[in-house]
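J.: First the structure, which I've put down as structure tokens, then a few questions once you've had a look.
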Amino acid sequence: MPTRPIVVREVPPALAEGFEQLRQRVEVPDAFPPEVLAEAEQAVASAPESFPTLDRTDIDFCAIDPPGALDVDQVLHIERRDAGFRVHYGIADLSLFVQPGGLIDAEAHRRGQTFYAPHRRVGLHPPLIAEDHASLREGQVRPCVLWTLDLDASGALTQTHVERAMVRSRRQMTYAEAQRELDRGEASETIELLAEVGPLRQRIEAERGGVSLNIPDQEVRAHGSKWRLEFREGMPIEGWNAQISLLTGIAAAEMMLAARIGIVRTLPPAEESALSKLRATASALSIPWPQDMDYPEFVRSLDITSSTHVAMMYSCTTLFRGAGYSGFTGDLPENTQHAALATPYAHTTAPLRRLVDRYVNETCLALCAGVPVPEWVVSELETLPEVMRASDQRAKKYERGIVDLTESLILSGRVGQEFDGTVVGVDEKGTRGTVLIPDPAVEVKVSDAELPLGEQVRVRLEGVDLVEGRADFVLA
Numbered sequence: 001m002p003t004r005p006i007v008v009r010e011v012p013p014a015l016a017e018g019f020e021q022l023r024q025r026v027e028v029p030d031a032f033p034p035e036v037l038a039e040a041e042q043a044v045a046s047a048p049e050s051f052p053t054l055d056r057t058d059i060d061f062c063a064i065d066p067p068g069a070l071d072v073d074q075v076l077h078i079e080r081r082d083a084g085f086r087v088h089y090g091i092a093d094l095s096l097f098v099q100p101g102g103l104i105d106a107e108a109h110r111r112g113q114t115f116y117a118p119h120r121r122v123g124l125h126p127p128l129i130a131e132d133h134a135s136l137r138e139g140q141v142r143p144c145v146l147w148t149l150d151l152d153a154s155g156a157l158t159q160t161h162v163e164r165a166m167v168r169s170r171r172q173m174t175y176a177e178a179q180r181e182l183d184r185g186e187a188s189e190t191i192e193l194l195a196e197v198g199p200l201r202q203r204i205e206a207e208r209g210g211v212s213l214n215i216p217d218q219e220v221r222a223h224g225s226k227w228r229l230e231f232r233e234g235m236p237i238e239g240w241n242a243q244i245s246l247l248t249g250i251a252a253a254e255m256m257l258a259a260r261i262g263i264v265r266t267l268p269p270a271e272e273s274a275l276s277k278l279r280a281t282a283s284a285l286s287i288p289w290p291q292d293m294d295y296p297e298f299v300r301s302l303d304i305t306s307s308t309h310v311a312m313m314y315s316c317t318t319l320f321r322g323a324g325y326s327g328f329t330g331d332l333p334e335n336t337q338h339a340a341l342a343t344p345y346a347h348t349t350a351p352l353r354r355l356v357d358r359y360v361n362e363t364c365l366a367l368c369a370g371v372p373v374p375e376w377v378v379s380e381l382e383t384l385p386e387v388m389r390a391s392d393q394r395a396k397k398y399e400r401g402i403v404d405l406t407e408s409l410i411l412s413g414r415v416g417q418e419f420d421g422t423v424v425g426v427d428e429k430g431t432r433g434t435v436l437i438p439d440p441a442v443e444v445k446v447s448d449a450e451l452p453l454g455e456q457v458r459v460r461l462e463g464v465d466l467v468e469g470r471a472d473f474v475l476a
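For the sequence shown, UniProt numbering begins at 1 and goes up steadily by one.
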């Protein structure tokens, strides 16, 4: 299956060696060097001298995060305003803690982003910054990049403003807590209004021909001596909350494109061959996809509470290939669109976990204030896409390896068994392809003289390597 977030409550001993060897093989960083940690201590001590004077601790912010999250990038507040809504979105202000060209900055460029494994996370910034002093954690007064987004009654963006401010999150809750309170009629005004604004933004997304995938995690759970992959049930509030992040990224992209300076996230249109594979996958999973139904409509028809439909959502992540970044100063790049979202878009809301977001926020702060974009930002707009490309490539290899290792564990007790599956992809020669097995929901590689796309086949599991994360299948 495509790469996807997997949660392991307790790392199976059989996978421990495989996880570590994978980390080393893909060259995912480990601990921060002592000199970087020392600079982090200095940065935390000196940062208050440059904290913003604007005090917006009067705003009743909250955060919605996965359980146990310490690196809180965003806080949210929504209120009714005239005939529409005002969204306040506070984003962690990393620039107050990271000196351009300093040791922390250099290490962040080396990493590019936070790397996630089921049992640990390898952060972009030292924990003292990312999980404490820059994190918008509950009850703490923290500096932020404050986005104010005004929407009309239909949810359309009418005005954007961004500035630095001091804020305080009144509460940090999980998605499950927020959904439960909303369902019981006990939610705060912000969460109640999120349930209005989120669907409005989803409708706007649908009208422009875009679609976003909000996919629940998979969890590895022990059942006696056996391990199984199980999908966590999805919740509507996850999609609504994601729409606020998308709204901010769209607003940032529009601002930078209008000023002809910045960096946007790009994605080319899907290829017809990828769409054919996706339709074959839907058929293999027995999910109806009428020929006259387009891709966005099909995705919106999927049910996040169904494990089979969630498996289909993961396959949908493979439709669009070639995601990247385009930096510009003056002439705009040939492609400024994100094909899946059907709009220009910029990564903006996760600077604790993704390097490029710090540059987007600094650019938009300057544009909104009517001052020049800082030189340290301008000087990297051409080179930053390559930094992020290399980091994304490493993260995908890491995530793919984690999926392979986890699936190998699930299959390890079934060597010699045969499985029915469907050929959902073949190479140009038609002799090597991908077979989707619906139970357990895994994609496996098989070589044979003839692999007819879309047809059912029977495969046999010949062996499993829990260190390499490899499952060897042949046609039965």
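Yeah, the Cβ is synthetic: ideal placement off N, Cα and C, and Gly gets one too. Here the structure is a predicted model, which is why all the values come from computation and not from measurement.
1) Report all residues from its chain with a CB closer than 7 Å to the CB of Gly-18; omit the five preceding and five following residues, and keep chain order.
2) Counting C-beta neighbours from all protein chains within 10 Å, is the total for Gln-172 16 or more, i.e. buried, or is it exposed?
3) Relative to the C-alpha of Met-313, which residue among Asp-292, Gln-337, Asp-331, Thr-281 is closest?
4) What would DSSP say about Pro-2, mapped onto helix, strand or coil?
5) Around the C-beta of Val-256, are 16 or more other C-beta atoms found within 10 angstroms, so that it is buried, or is it exposed?
6) To test your reading of the DSSP string, which unbroken beta strand (DSSP E) runs of 3 or more residues are found completely within the segment 63-146?
7) From the DSSP output, read off the bridge partner residues of Ser-301.
8) Keeping to the same chain, check which residues put their C-beta closer than 6 Å to that of Leu-96; ignore five residues upstream and five downstream.
9) Taking buried to mean at least 16 other C-beta atoms within 10 Å of its own C-beta, is Thr-305 buried or exposed?
10) In whole angstroms, what separates the C-alpha of Arg-56 from that of Arg-168?
11) In angstroms, rounded to a whole number, what distance separates the CA positions of Pro-2 and Val-426?
12) Tell me the rounded alpha-carbon separation between Glu-418 and Asp-60.
13) Who are Gln-456's beta bridge partners in DSSP?
14) Return the CA-CA distance between residue 551 and Ala-69, expressed in angstroms with no decimal places.
15) Does the separation of the CB atoms of Leu-451 and Thr-431 fall below 9 Å?
16) State the start and end residues of the unbroken alpha helix (DSSP H) segment that holds Gln-21.
17) Going by C-alpha to C-alpha distance, which of Ile-78, Val-98, Pro-100, Ala-83 sits closest to Gly-90?
18) Could you compute how far the alpha carbon of Phe-298 sits from the alpha carbon of Gln-140?
19) Let's test the definition: count the other Cβ atoms within 10 Å of the Cβ of Pro-13 and tell me whether it reaches 16, buried, or not, exposed.
20) I'd like to know if the segment 323-337 and the segment 235-246 are in contact, where contact means that at least 3 CB-CB pairs between them fall below 8 Å.
21) Is it right to say Gly-401 is buried, meaning 16 or more other beta carbons lie within 10 angstroms of its own, or is it exposed?
22) For Thr-363, which residues from the same chain have a beta carbon less than 7 Å from its beta carbon, with the 5 sequence-adjacent residues on both sides left out?
23) Tyr-398: which of Arg-25, Ala-16, Leu-15 sits nearest, CA to CA?
24) Where His-347 and Val-360 are concerned, what is the direct C-alpha to C-alpha distance, given to the nearest angstrom?
25) Less than 9 Å separating the beta-carbons of Leu-341 and Glu-205?
26) For the candidate residues Ala-16, Ile-237, Arg-184, whose alpha-carbon lies nearest to that of Glu-196?
27) Where does Leu-194 land, buried or exposed, given buried means 16+ other C-beta within 10 angstroms?
28) Could you name the residues of the same chain whose beta carbon sits closer than 7 Å to that of residue 483, not counting the 5 residues immediately before and after it, in chain order?
29) Nearest by alpha-carbon distance to His-119: which of Arg-137, Ala-38, Val-403, Arg-184 is it?
30) Val-474 by DSSP, collapsed to three states: which one?
31) Ordered along the chain, which non-local residues of its own chain (more than five positions away) have a Cβ less than 8 Å from that of Gly-234?
T.: Let me lay it out:
1) Cβ neighbours of Gly-18 beyond the five flanking positions: Leu-405, Leu-466, Val-467, Gly-469.
2) With 16 or more neighbouring CB atoms inside 10 Å of its own CB, Gln-172 falls in the buried class.
3) Considering only alpha carbons, the answer is Thr-281.
4) Because Pro-2 sits at a pLDDT of 39, beneath the cut-off of 50, its placement in the model cannot be relied upon, and the following sentence gives the value as read from the coordinates. Collapsing the DSSP output to three states places Pro-2 in coil.
5) Note on identity: in this sequence residue 256 is Met, with Val being the wrong assignment. Per the 10 Å Cβ criterion, buried.
6) For the segment 63-146, whole beta strand (DSSP E) runs of length 3 or above, ordered along the chain, are 74-81, 84-92.
7) The bridge partners DSSP lists for Ser-301 come to none.
8) Cβ within range, chain order: Ala-47, Ser-50, Pro-143.
9) When all chains shown are included, Thr-305 counts as exposed.
10) Rounded to whole angstroms, Arg-56 to Arg-168 spans 8 Å at the Cα level.
11) Low confidence applies to Pro-2: its pLDDT is 39, below 50, so where it sits in the model is not reliable, and the reading given next is rough at best. Their backbone Cα atoms lie some 16 Å apart in a straight line.
12) Between the alpha carbons of Glu-418 and Asp-60 lies a gap of roughly 57 Å.
13) For Gln-456, which the question treats as bridged, DSSP gives the partners Thr-422.
14) One cannot answer for residue 551 here, as it falls past the ends of the chain, which runs 1 to 476.
15) At the C-beta level, Leu-451 and Thr-431 come within 9 Å of one another.
16) From DSSP, the alpha helix (DSSP H) with Gln-21 extends over 13-26.
17) Distance check between Gly-90 and each of Ile-78, Val-98, Pro-100, Ala-83 places Ile-78 closest, using alpha-carbon atoms only.
18) Inter-residue distance for Phe-298 and Gln-140 is about 43 Å (C-alpha atoms, whole angstroms).
19) Exposed is the call here.
20) The segment 323-337 vs the segment 235-246: no contact.
21) Using a 10 angstroms sphere on the CB of Gly-401, the tally of other CB atoms reaches 16 or more, which defines it as buried.
22) Excluding residues within five positions, the ones whose Cβ falls inside 7 Å are Met-256, Ile-261, Gly-262, Val-373, Val-377.
23) For Tyr-398, the nearest C-alpha among the options comes from Arg-25.
24) For His-347 and Val-360, the distance between alpha carbons rounds to 7 Å.
25) Taking a C-beta distance under 9 Å as the contact criterion, Leu-341 and Glu-205 qualify as a contact pair.
26) The shortest Cα separation from Glu-196 among Ala-16, Ile-237, Arg-184 belongs to Ile-237.
27) Classification for Leu-194: buried.
28) Beyond the ends of the chain as shown, which are 1 and 476, falls residue 483; an answer cannot be given.
29) That would be Val-403, whose Cα lies nearest to the Cα of His-119.
30) Of the three classes helix, strand and coil, the one that applies to Val-474 here is strand, per DSSP.
31) Spatial neighbours of Gly-234 in its own chain (CB-CB distance under 8 Å, excluding positions within 5 residues in sequence) are listed in chain order as Asn-214, Ile-215, Pro-216, Ile-304, Thr-305, Val-310.
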